[in-house]
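**Student:** Below: one structure in structure tokens.
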Amino acid sequence: MKRNLKLYLQDIWESTLAIEEYTQNLTEDEFYSNRQVQDAIVRRLEIIGEAVKNIDDDFRNKYPQIPWKKIAGMRDIIAHEYFGVKLERVWDVLRKDLPDIKQQMLLIMEREDV
């Protein structure tokens, strides 16, 4: 059975909230030294990326302000180079991209009644 759009959007939203929880008050040094947090964040980024890949182009085109390809691409990098994940890149995503993605997802979820 194919999952519906709302479930994918919920996956993205829940994963952004989980990452936010994992990284609350987390310093960069703590991030680099805590393998458990790294693993949890990487897993949630994989979930976000996989959900994005399952959202159809018509819906993506409705919200062009979301960097859909960039999000899906991050998932590909993580999935194909897991043992070589560049933690600096993950940290940048957490600090630079994720807050904006979260805000955009909040707007989408309100508009789409998710």
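Under this note's numbering, the first residue of the sequence shown is numbered 4, with each subsequent residue one higher.
We put the CB at the ideal spot given by N, CA and C, even for glycine.
By Cβ distance below 8 Å, which residues in the same chain neighbour D26 in space, the five residues on each side in sequence not counted?
**Tutor:** On the sequence shown, position 23 is the one that residue 26 refers to. One point to set straight first is that residue 26 is Thr, not Asp, in the sequence displayed. Answer for T26: F34, V40, I44 and L97, listed in chain order.
**Student:** Pop quiz: I74 and I50 are said to be a contact at Cβ under 8 Å. What is the actual Cβ separation, rounded to whole angstroms?
**Tutor:** The residue you call residue 74 lines up with position 71 of the sequence shown. The residue you call residue 50 lines up with position 47 of the sequence shown. About 11 Å separates the two Cβ atoms, so there is no contact after all.
**Student:** Thinking C-beta only, is M108 closer than 9 Å to I15?
**Tutor:** The residue given as residue 15 occupies position 12 in the sequence shown. The residue given as residue 108 occupies position 105 in the sequence shown. Yes, the Cβ-Cβ distance between I15 and M108 is below 9 Å.
**Student:** What number of angstroms, rounded off, separates the C-alpha of D60 from the C-alpha of S18?
**Tutor:** Counting from one through the sequence shown, the residue named residue 60 turns up at place 57. Counting from one through the sequence shown, the residue named residue 18 turns up at place 15. So the two alpha carbons sit approximately 21 Å from each other.
**Student:** In the structure shown, what three-state DSSP assignment does Y11 receive?
**Tutor:** Looking up residue 11 in the sequence shown gives position 8. Y11 falls in the helix class under three-state DSSP.
**Student:** From this set, S36, K56, N37 and R47, which residue's C-alpha is nearest L8's C-alpha?
**Tutor:** As a working mapping, residue 8 is identified with position 5 in the sequence shown. Among S36, K56, N37 and R47, the Cα nearest to that of L8 is on K56.
**Student:** Exposed or buried, what is L20 when buried is set at 16 or more other beta-carbons lying within 10 Å of its beta-carbon?
**Tutor:** What you label residue 20 is simply residue 17 of the sequence shown in a count that begins at 1. So L20 ends up on the exposed side.
**Student:** Among A54, E24, Y11 and L10, which one has its Cα closest to the Cα of P102?
**Tutor:** Along the sequence shown, one-based indexing puts residue 102 at 99. Here the closest residue by C-alpha is E24.
**Student:** What does the Cβ neighbour count give for M48, buried or exposed, with the cut at 16 atoms within 10 Å?
**Tutor:** Position 45 of the sequence shown, counting from 1, holds the residue named residue 48. Checking the displayed sequence, the identity of residue 48 turns out to be Leu instead of Met. Classification for L48: buried.
**Student:** My output table needs one value for P102: the three-state DSSP class, helix, strand or coil.
**Tutor:** Indexing the sequence shown from 1 puts residue 102 at position 99. Three-state DSSP puts P102 in a helix.
**Student:** Is the beta carbon of L12 sitting closer than 9 Å to the one on E115?
**Tutor:** Residue mapping note: residue 12 aligns to position 9 of the sequence shown, counting from 1. Residue mapping note: residue 115 aligns to position 112 of the sequence shown, counting from 1. The answer is yes: Cβ separation under 9 Å.
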